[in-house]
Structures are given as structure tokens and as C-alpha cells.
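According to the numbering used here, the sequence shown is numbered sequentially starting from 528.
Accompanying notes for the structure given below.
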Amino acid sequence: MLSSSPRSNPARRRVSPRRRTATVALAGVAALIAAAVQSGAATAAPAEPRPGKANPAHSSVRLTAAQRAGLIRDADAGRADTARSIGLGTQEKLVARDVVKDGDGTLHTRYERTYAGLPVLGGDLIVDTAPSGAAKRVVKASGATLKVAGLTPAVPKAAAERQAVARAKKLGGTRSAADSVRTVIWAATGRPVLAHETVVGGLQDDGTPSELHVVTDATTGKKLYEYQGIRTGVGNTQYSGQVPLTTTQSGSTYTLTDGDRGGHKTYNLGRGTSGTGTLFSQGADTWGNGTVSDPATAGADAHYGAAVTWDFYKDTFGRSGIKNNGVGAYSRVHYGNSYVNAFWSDSCFCMTYGDGSGNADPLTALDVAGHEMSHGVTSNTAGLNYSGESGGLNEATSDVFGTGVEFYANNASDPGDYLIGEKIDINGDGTPLRYLDKPSKDGASKDSWYSGIGGVDVHYSSGPANHFFYLLSEGSGAKVIDGVSYDSPTADGLPVTGIGRAKALQIWYRALTTKWTSTTNYSGARTGTLAAAGELYGTTSAEYAAVQDAWAGVGVGTRPGGDTGTSYESTTPVAIPDNGPAVTSDIPVSGRSGNAPSNLRVAVNITHTWRGDLVIDLVGPSGTSYRLKNFSSSDSGDDVDETYTVNASAEPANGTWKLKVQDQAAQDRGTLNSWKVTFP
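Take a look at the structure:
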């Protein structure tokens, strides 16, 4: 979904206080993963790493629909042996969902899991196997042992349904009953529990269809999680000029049916909000007049956008359609009355476009089409949960590939750029919906990662990932690209040199399809893209270093070779008591003149089993505290290994700097291993 308003598709934080998420890597790529996660003392990076060429052994090969289906059948046939080989319990079973094959024969098979016959939400995993069939690596959405106390719910489904319907109504929903309720194992945010998943349909308060998923603890009745299943993203088009369209002729009638791209169809809802409407059909094969006066104009835009998006994925990544199975989705235009949005729905496997304010600006621009279809690609690969940090990565993936689609089209009427929705005037003032070079220019998106970003609406928490992609592609600083001016800053104040959009897209796609799972957060995204860059171009390549630089440029991780400047470090471990008083660690600084800089870097390394419990402050020589990390009951990851940038220009440089850490919730303990301050 493209929404510029948080109300259109709210991202809700997980509220369960004691849940954990983990990513587990087994033998096979230990070197890549270790290189992707930097901690402890910095080591010198190779001088001026050289650009690499993609290694065909670690690049995915193009599979026909039949080949892909055959590999999935083979994986399903051997799923019991696979489950045993990776150490799953006797009640756990695998269901193969997707497969990617590399040039060296390695298979990356994505599985869902069941436990005692129940679906496991957050149980998805990727198994990498060598041509011999031996497992090389496993990446899990959750590292928790899959086991529950019992399989008989204490809370009936009817109670879970009432809770979910009430929640949907609070969000503007219209239904008095749920579409479905099923019993599941909930494992996405920590210790697995027996739960009910309820899906409530209807409409949201802005007219967008609703597919609200609510997960309820089947033992206590507590709501564990929620997310919105709707992702809000010769023809004479309104935005792309006169373009060729692939249509189908039957007798004397033409329809907007694309037989070359999986049978994709484009329908006219005629202001309706349900069903498919009417397939565009007419006696002539010229569609629309380039204005909203002809309903076929929006149909031509949507049909063209779907075709270009299909071709982009096929030519760039060898992917055949959204599901990579050669089957087309369908598009619906003229949704509702003055509906200012577009959205993707997995349930109908379709894209839907409103006509904008006053029905004057249909949201059928090329990058919007690419954005919406890419939600379907994400759903059928990593399946990034549409809430929290994973939801921001989900939205960013659509912005990244929507940008790729626009550049790929090379259409003079809508040239490629790093702006989202610049043609549709969704803000009413001619400005784009989003900016990849500096996301905060839209007034709400975030340029860099921080510990509370998972609580921000997914359309705005996508900012750091969008910013990362721009930096990786084009680099930092002021520049003009194809007539558009950009000026991209970095969180650490250091420059980033881009590697080009083509390589950046390949790295993102490989991470999405072979490294990320439903629960991947920003730290996991960094690890996955580094592993992808290492496989494609080598861990000593300029591309690998650029991924590190670009993530550091948005506040995620550090640069190769560590910090530049003068650093002062404490490596004395300090135990952090569970739910206890704050502890401090001191670093004396002397021999400097004047005040500290406005970009003082503070690197913190803490081992902890639930980092959301922690509050971290930097205390300057004057006694002033600078908050680095807030408490978050829903931040379920392990450890803190982050570099924060602090404006400490009001502090004298010399004196004793302190790091203050407090654990504010029970059950988990940790250790402050080391920390340092760096004066650039």
C-alpha cells in the first residue's frame, strides 16, 4: 500500500512483553555470516577493494515454471528426511513453499512448518542444500524450540473472534463477524504458544478493504499480535504516454488480457469496492485518450504497468510472475469514489487502484504498479510480517523494486528516478509521496534506524531501508541524476560511494529470496544483504564494503575497518542485573581541546537475551544524559551491537564519559562487554 496517512494502514507494535525472535545459521556459511556481523575490536579493511563481477556459482539460475514446480515436489517428497537432518521435533512437519537454485547446484528451499498438524506462524525457515543433498545452512524466522504445553485451547474460538471483531471496529471496520478463525502455533515473537488467528474482512475507515489478522493466546485470551493483510500500491495512458499494450482478440472484440504474461487481466470496478468489475473490452485496439474522461485511460496505465513489472522481474532476476510460476495476477481500476490509494491483496492476488482526490489523479503510475506487484513478490518469498521493523522492510522492498521498474521502463514520459508517486499528486501540491535519497523530506519518514523505529507506521519506518538502497546505488552527497537533484546525508557523517543500481537490486533480491524470513528486522536485513553481496561479489569486494558503508550511513552497524578518528574504549565487562539498578562504565578522555563534536560516535556491545528490556544513556562530563536506546517491551531481539551518533557539542571533550545501562524488566540478564566513543 502507498498510503501517505498512518490511518490508511496502521502498523501496530507487538504488545506481548516476553517474546523472542532469533535467526539461526548452521554450518556452511559461517565465514559469511561472521563477516556480516561486526563486533568487538575493529580490524583494518583492505585498501580500496576492487569492484567484483557476480559469481555465477552463487547467482540464481532461471527456472521454468515446470522446473520450479518439480523442485518443490522433490522438496515435499523428502521433507521428512529434511526435518530430521536439521533437528526438528517428531511433531514438526515441513511444507515446501518456494525454491531458488544457484549456478553451483545449491538449492535454497523455503518451508512453512506445522506442529501436531497446526500451522506455525513464524515457523518459516530456509534450508540451503548442496547438490549432494546435504544441508549447508538453515535460517529460521524463530530460533525458539517448538513446543507447547498442550493442544487444547482454554479460550474458545468464539472469544478470540469477538476480540478481533471489536479491534477491527475500533480501526473503522464494518463487519460484525470474522471471515475465519483457526487454531495455530504462534512462534513469531518468542516462546511458542497455542493461539487462535482471526481474520476480519470488510472495509477500513478510508474505504480500503480490510484483512485484519489478530492472533490471540488460546490459554490466556491475550492479544499477541495483529497486522493488516492489505498492502497499500497501443494505449493512450495518463502518465506514460502512448505505449504498446498486449491484448487479446476474440472475433471483433479486444480485451485487456495479456496472454504473453500469464493471462494478466485488467478490470473496471466502475467506482465499486468489491468483486472484479468488468473486464475492459471494446471493438478497437486503442485504449483511452490520455485523460480521466475515458475510463480506459486508467486501464491502459494499469495494464502497461503490470506488463513492465512482469518484464522487469523476468529480465532482471529471471523471475516469471509474482509467484515465479508463470501465472499472472490481475488489476482493478476505478476503485471507490475519490479513493486516494492503491493496494495489493494476497487473497485476490490482485492490484487495485483508486482515482485519487476528486477522481482526477488515478494512482496508476508506473512506480505504483511496480510497488503494488512487489508486495506480492515479498509475500511469496520472505513473507515479511507487515508490522514492526519487518513491515518497514516490506514497504521498502516495494519502493525499491517500484523504483527499479520505473528505471527499467526507460519511458520518456515517466523517466526513472528515486522518487515514489511523483506523477500521482497524492499530496495535492505536486510533491512526491516518498524520497529515497532523504526519506525525511516527506515530513514523516525516518532517514536512519533507531531502537524505537518498529513502533512507527510501516510507510515511514521503511525510510532507513529506502535510504540504504539509494546510498548503495548512487552514494551520498549532492548530485543530479537524469535531471533530478538529490542530496543524501549519512548518519555517521562519512561519505558512501555507490555501486550502481543494477548491483544494488541484485543484492536486495538475493537477500529477499534466500536470506530473509517473516521476522527479519533491520539488523537481519544488514546480515542478509552482506551475505548476499559476499556470495555474489566476494567478501573482499568493493560491493561488500559498500553494503557495510551504506548500512552504517543509515545507522545500522559499522563500516569496514571500524571507526575513523580518535577512539577511547572500555573493554572491562560489567554485569547488568536483571530488572535492577543502572550500572555504569567510565571512559576518561584527556588531551583534547574545546567541546565534543556534533557527530560523536558511541559504539555499544552488550550481550543480552532480550534487548528490549534495556535503557542506555551516554552521560557527558557535565553530567548531562543523552538517551541512546529506550525500553521497548516488543523489541524481542538478542544483544545490542550498535553505533549511535550523538550531538555532544555542548559538552567539554575532556573529562569522564559514562555509559549507563539499566535492565527494566524481569527474566533476562546481560553483560556490557565493551563500549567506545570516537571523535571524528
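Virtual Cβ for every residue (Gly too), placed ideally from N, Cα, C.
Per-residue DSSP class, three states only, for residue i
i	result
residue 556	For residue 556, the predicted model reports a pLDDT of 32, less than 50, meaning its position is unreliable; a value from the coordinates is still stated below. It is coil, neither helix nor strand.
residue 1115	strand
residue 997	helix
residue 737	coil
residue 615	coil
residue 961	strand
residue 915	helix
residue 1155	strand
residue 1006	strand
residue 929	helix
residue 694	helix
residue 985	helix
residue 1069	helix
residue 1178	coil
residue 646	strand
residue 903	helix
residue 1110	strand
residue 769	strand
residue 895	helix
residue 1183	strand
residue 920	helix
residue 1075	helix
residue 935	helix
Whether residue i touches residue j by CB criterion (8 Å)
i	j	result
residue 953	residue 860	no
residue 1182	residue 1116	yes
residue 639	residue 650	yes
residue 1187	residue 1140	no
residue 831	residue 764	yes
residue 1050	residue 1203	no
residue 652	residue 905	no
residue 884	residue 955	yes
residue 727	residue 745	no
residue 609	residue 647	no
residue 1025	residue 1002	yes
Beta strand (DSSP E) segment containing residue i, residue limits
i	result
residue 1202	1197–1206
residue 707	707–713
residue 1012	1011–1015
residue 1167	1167–1173
residue 881	877–881
residue 1143	1141–1146
beta-carbon residue i near the ligand MN non-hydrogen atom, thresh 7 Å
i	result
residue 974	Among the components modelled here there is no ligand, and therefore nothing to report on the ligand MN.
Extent of the continuous alpha helix (DSSP H) to which residue i belongs
i	result
residue 839	822–844
residue 1053	1049–1064
residue 871	Segment 869–872 is the beta strand (DSSP E) holding residue 871; no alpha helix (DSSP H) there.
residue 1033	1028–1041
residue 951	Neither: residue 951 is in no alpha helix (DSSP H) and is coded neither H nor E.
residue 603	592–604
Neighbourhood of residue i by C-beta, 6 Å cutoff - its chain only, sequence neighbours within 5 removed
i	result
residue 938	767
residue 852	592
residue 872	757
residue 1082	975, 976, 1018
residue 1077	995, 998, 999, 1023
residue 942	1009
residue 1189	1109, 1142
residue 922	985, 986, 989
residue 1171	1129, 1155
residue 933	893, 894, 943
With 16 other Cβ atoms within 10 Å as the buried cut-off, status of residue i
i	result
residue 604	exposed
residue 889	buried
residue 1224	Within the shown structure, residues of the chain are numbered from 528 to 1207, placing residue 1224 beyond reach of any answer.
residue 1209	In the structure as shown, the chain starts at 528 and stops at 1207, and residue 1209 therefore has no counterpart that could be examined.
residue 611	exposed
residue 616	exposed
residue 910	buried
residue 1194	exposed
residue 1033	buried
residue 600	exposed
residue 816	exposed
residue 1208	With the chain covering only 528 through 1207, there is no way to say anything about residue 1208.
Close beta carbons around residue i, own chain, < 7 Å, minus the five adjacent residues each side
i	result
residue 997	945, 963, 964, 1015
Beta-carbon contacts of residue i that lie in its chain and below 8 Å, excluding the five residues immediately before and after
i	result
residue 481	Only positions 528 to 1207 of the chain appear in the structure, and residue 481 is not among them; the question remains open.
residue 948	529, 890, 892, 894, 895, 959, 960, 961
residue 1118	1181
residue 973	966, 967, 980, 983, 987, 988, 990, 991
residue 1146	1111, 1152, 1153, 1184, 1185, 1186, 1187
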